[in-house]
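Residue numbers (this note's numbering), protein chains in the order written: chain A, 278 to 915; chain B, 3 to 322. Built from N, CA and C at the ideal position, the CB exists for glycine as well. In what follows, a single structure is set out as structure tokens and then discussed.
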């Protein structure tokens, strides 16, 4: 068999990339590749300021893309694409934690060595990784590198001077003072450090003896700050006198590292500051000493990537779609025109098209009123004539409809014809067509670049000659995206304790929630504000904490404002990482709505305990089993 | 850490009978009837048999297997319920053999019912012990099972990571991740794995050659992920020709390594897990071998060997 050739650069193969299952994560692209397809969201300008920043978002919300766009490489390439974006106040060093490093760090923490040794070793291994990332960043400016800047390039003497100083600072030896040699020396030291730690752990398990001198410890903090000072002083061009270290995926690091990195948000000087991207739930924030905990008001700014205002999300989604279309040789394609209007979430609910007698919406209301006496009673009590909304001059007369609209439409899709003896339900296949149209798809993606990146190729595959994507193609693309997301949730690792309760891991819990919320929409008596969110009880124990943390960080659950009156955003008092789910309110991700038949709006909340008790009486054996298991696990706490 | 100053040779095995007798045989004592199949078939052709017990899921054919082991004068069993107890058990067993009068210690390891973690422990320990005991010549054997229909569920995922720390793989942050995922018949487990690892590029390995019904079950269980893949990125391997599988995976990995960090996730037949471990040794320490499983919460399915046995040889040698 012929070994596969390395994949061609994405700038060349953009059209191919869009059709593949892989490469939906900016983590795996160079900053150049990211910059070539970058669509700037509204918060990007705020992120580009020279202050400490904490960026919070679940998987797929675009954290990695944004951080890579702050590197000299990303900004240089983007500046060439978009005029007027090249004058930077600082240079960024991107520091990810890939899955292999995360696994090594976790293995180290669980190795059985004394805790302080584990913590110091994990910090050292991570430190060497950070130094490698710094070296990778410098290589962009070195004439000896294959991939390099076309603007700011060091002379051979400058490169040698910086490499020699960093080699001394980081305790490695280079044969030739070139960046590639420094990178190789750092890699060698990292591998040897891992080897020494593994051997020490093996011997410790056998003999309970530990020779600390055999382990390789790194003075991470001093070596990091010293390196950034070297760069600040020795790189002459504007923007290189101040550096930002961009820590990504911090939530997968051991708690000791989470705390160390979060404490950096208090640090800022003329050479160095930090931008940290995390998932919403951060175990390490709990227990972070007050003296190490920065203030969101004084020390750093917070950027939340989920829950932005509707207009920002809409603009970003439309721009993303247009660029993906242009990359596919479909220039000028407009999301609104290609996908058409949405029945479930029309953009303008005051228009004649929305409320006219012949509108699809009015037909659904009338249909439901005919087959569902409880809805007919609701209309009667609301004193609104479903057949004559368009003539109603006072918009207040439509208000009940605005509140009930989505619930009524979904309910109508699931409730079959009138029956005197019992209510009958349709299959969910019909209802899937509800989840189409530009506005609904924007809402289901919730501004997540990953969802858009997964969904858009499927939509574009179905484009007809007139630039329209038929509803059937939209349904297929949404279903494919949802299946992949559900599979991701299915594969999320859980503890043995949770595994004993949840036969399908986190997905079992998500299914339970979806089924309960759908049951609320289709229950015998029509309810214009059904239960569609939950509040975690104050006495929730560690299993619930783990479950919520995993679901939130995966993007399956979205935190809502605690108050009930408006908005999707977390409240202002919560502009810190979530360290506990207790007392907090959540809904399911809208991407999961088609599978269960849910509405795409904020709904009423009940306590998780109450919700589980309801599910414990469910007809679904699996939901019942999961609910009873979780309730039993909490029995001593509630 | 699997250092590259260790010498390693992988060869095909044409005729298992020609390998006999050997110094020892290592196998699992588990809930599958198949776990003692090779040990029974080769009875009398090895001087010391070691049966490793998992310490959990002692159901199905476990009692029968244990009873058989206890009745054999040349077989003993040890508990290997943790990585550390397994390392001790394997090292202790290897130290029983005296290779002074022969070029190498020669043993057979039946991987059919071993966990992926135990396989990794054996590979790792063979290298460790070769430093002290001289070359260790291991004939790894695999007995395919008679087909039984897959269950609807594969249990909650409680293990998602390297089979052992030394098989995590050493990454380069400037490179994207490439995964090579073996397909089994657990519904959508490969898709869950792909989504969980979220690689820059993903290849799938489809097992063939066991039974038509098994092939169909694998295709059904993975229909959704295969629909999302380029067909060029889906390779077949013959379960009954492990050396060919080794060559195929090794050449794939050699190509991928030029531009990626590589993680192998051998779902499906256990022989692929062994093949992946051997490939990782060739490319140590860079290439990872990971497991995605329900661990002890997985369904225990008692299966019988279908009578065929296939083999691949690896020689572990330490060079100072």
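- Against chain A, the beta carbon of residue 173 of chain B has neighbours under 7 angstroms at 375, 377, 378, listed in chain order.
- Within the segment 223 to 284 of chain B, the complete beta strand (DSSP E) runs of at least 3 residues fall at 236 to 240, 262 to 268.
- Judged by DSSP in its simplified three-state form, residue 139 of chain B adopts strand.
- Runs of the alpha helix (DSSP H) lying entirely within the segment 821 to 909 of chain A and spanning at least 4 residues, in chain order: 870 to 873, 885 to 892.
- Within chain A, the residues 475 have their CB atoms less than 8 angstroms from the CB of residue 168 of chain B, given in chain order.
- Among the residues facing chain A, residue 159 of chain B is included, as its CB has a counterpart in that chain under 7 angstroms away.
- Taking the CA atoms as reference points, residue 103 of chain B sits about 51 angstroms from residue 223 of chain B.
- Under the 7 angstroms criterion on CB atoms, residue 80 of chain B is classed as non-interfacial with respect to chain A.
- Along the segment 749 to 772 of chain A, going in chain order, the ones with a CB nearer than 8 angstroms to a CB of chain B are 757, 760, 761, 762, 764, 765, 767, 768, 769, 770, 771, 772.
- Taking all protein chains in view, the Cβ of residue 741 of chain A is surrounded by fewer than 16 other Cβ atoms within 10 Å, so the residue is classified as exposed.
- Residue 873 of chain A counts as buried, since at least 16 other C-beta atoms from the protein chains shown sit within 10 angstroms of its C-beta.
- Close CB contacts of residue 892 of chain A within its chain, under the 6 angstroms cut and outside five residues either way in sequence, are with 789, 793, 900, 904 (chain order).
- For residue 233 of chain B, the closest Cβ of chain A is not nearer than 7 angstroms.
- From the listed residues B/284, B/95, B/40, the smallest Cα separation to residue 8 of chain B is found for B/284.
- For residue 776 of chain A, the nearest beta carbon of chain B is closer than 7 angstroms to its own beta carbon.
- Scanning the segment 372 to 405 of chain A for uninterrupted alpha helix (DSSP H) segments of 4 residues or longer gives 376 to 386, listed from N- to C-terminal end.
- Identification of chain A residues near residue 118 of chain B by a Cβ-Cβ cut-off of 8 angstroms yields none; the smallest Cβ-Cβ distance measures about 14 angstroms.
- Under the Cβ distance rule, residue 35 of chain B does not count among the residues neighbouring chain A, no pair being separated by less than 7 angstroms.
- In this chain, residue 188 of chain B is not harboured by any beta strand (DSSP E), its DSSP state being neither H nor E.
- Contact between residue 267 of chain B and residue 183 of chain B holds, since their C-beta atoms are separated by about 5 angstroms, short of 8 angstroms.
- For residue 302 of chain A, the number of other beta carbons within 10 angstroms of its own is at least 16, and it is reported as buried.
- Neighbours of residue 302 of chain A in chain B, taken as residues whose beta carbon is under 7 angstroms from its own, are 200 in chain order.
- Contacts between residue 294 of chain B and chain A, judged by CB atoms closer than 8 angstroms, involve 768 in chain order.
- In this structure residue 456 of chain A is in contact with residue 416 of chain A, their Cβ atoms being roughly 5 angstroms apart against a cut-off of 8 angstroms.
- Put simply, the CB of residue 96 of chain B is far from chain A, with every gap to its CB atoms at 7 angstroms or more.
- Residue 902 of chain A has a beta carbon lying at 7 angstroms or more from every beta carbon in chain B.
- Chain-ordered listing is empty here: chain B has no CB closer than 7 angstroms to the CB of residue 724 of chain A, the nearest sitting near 19 angstroms.
- The CB of residue 163 of chain B comes closer than 9 angstroms to the CB of 376, 379, 380, 383, 384, 770 in chain A, given here in chain order.
- For residue 132 of chain B against residue 318 of chain B, the beta-carbon gap comes to about 5 angstroms, under 8 angstroms, which counts as contact.
- Sixteen is the threshold: since fewer than 16 other Cβ atoms of the shown chains lie within 10 Å of the Cβ of residue 608 of chain A, the residue is exposed.
- In this structure, B/144 is the residue among B/168, B/144, B/253 with its C-alpha nearest to the C-alpha of residue 43 of chain B.
- Straight-line measurement puts the Cα of residue 275 of chain B at about 51 angstroms from the Cα of residue 686 of chain A.
- For residue 349 of chain A, the enclosing alpha helix (DSSP H) has its first and last residue at 349 to 358.
- In the structure shown, residue 345 of chain A adopts helical secondary structure according to DSSP, grouped into three states.
- For residue 764 of chain A, the uninterrupted alpha helix (DSSP H) segment begins and ends at 748 to 768.
- For residue 173 of chain B, the CB contacts under 7 angstroms within the same chain, skipping 5 residues up- and downstream, are 263 in chain order.
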